[in-house]
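Novice: First, the structure itself, so that you have it in front of you.
In my numbering, the protein residues as written are 1 to 109.
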C-alpha cells in the first residue's frame with residue numbers, strides 16, 4: 001500500500017499545466033523540470049542512475065527568498081519524506097535524488 005503522504009500529494013497535483021521549464025538533465029540519466037499551474041510551481045526531478053544524484057539548482061525564478069516550500073524526496077530506502085524549508089538562498093537550492101528515485105518541490109509565487 002502507498003503511504004498516506006504519497007496519496008495526499010497525488011490528489012493535489014494538477015492534471016493541466018500553464019508552463020513547463022527544463023532545468024537540468026542528461027538523456028538516460030536524470031531530468032529536472034519546473035511546471036506551473038496558476039501561481040504554484042512544481043519542480044520535479046527523477047534519477048535513473050544507480051547512484052544518488054546531488055544537484056545545486058537555481059530556483060530563484062520559482063521561490064522568493066524567505067518563502068517556505070515543500071520538499072518531497074526519497075530516503076535511501078526509497079520511502080517518501082516531506083520537509084518544509086525556508087528559502088534562504090533560492091539561487092542555490094541543494095537537492096539529493098536517490099538512485100531510481102525522485103523529488104518534488106512545491107512552492108507558490
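Backbone N, C-alpha and C define an ideal beta-carbon position, used for all residues, glycine too.
Could you tell me whether the region 71–78 touches the region 99–109, using the rule of 3 or more Cβ pairs below 8 Å?
Specialist: At 8 Å Cβ cutoff, the stretches touch.
Novice: Taking all protein chains shown into account, decide if residue 50 is buried (16 or more other Cβ within 10 angstroms of its Cβ) or exposed.
Specialist: Here residue 50 is taken as the residue at index 50 of the chain shown, counted from 1. Exposed.
Novice: Which value, in whole angstroms, describes the spacing of the CA atoms of residue 65 and residue 40?
Specialist: Here residue 65 is taken as the residue at index 65 of the chain shown, counted from 1. Here residue 40 is taken as the residue at index 40 of the chain shown, counted from 1. Straight-line Cα distance between these residues: approximately 16 Å.
Novice: Alpha carbons only, please: which of 83, 53, 27, 90 is nearest the one belonging to residue 59?
Specialist: Taking the chain shown and counting its residues from 1, the one referred to as residue 59 is at position 59. Residue 59 has its Cα closest to that of 90, out of 83, 53, 27, 90.
Novice: Leaving out the 5 sequence neighbours to the left and right, which residues in its chain are closer than 7 Å to residue 84 when beta-carbon positions are compared?
Specialist: Here residue 84 refers to the residue found at position 84 when the chain shown is read from its first residue. Result list for residue 84: 68, 70, in chain order.
Novice: Along the chain, which unbroken stretches of the beta strand (DSSP E) at least 3 residues long are found entirely within the region 8–84?
Specialist: Qualifying beta strand (DSSP E) stretches, in chain order: 19–26, 30–37, 40–47, 53–57, 68–74.
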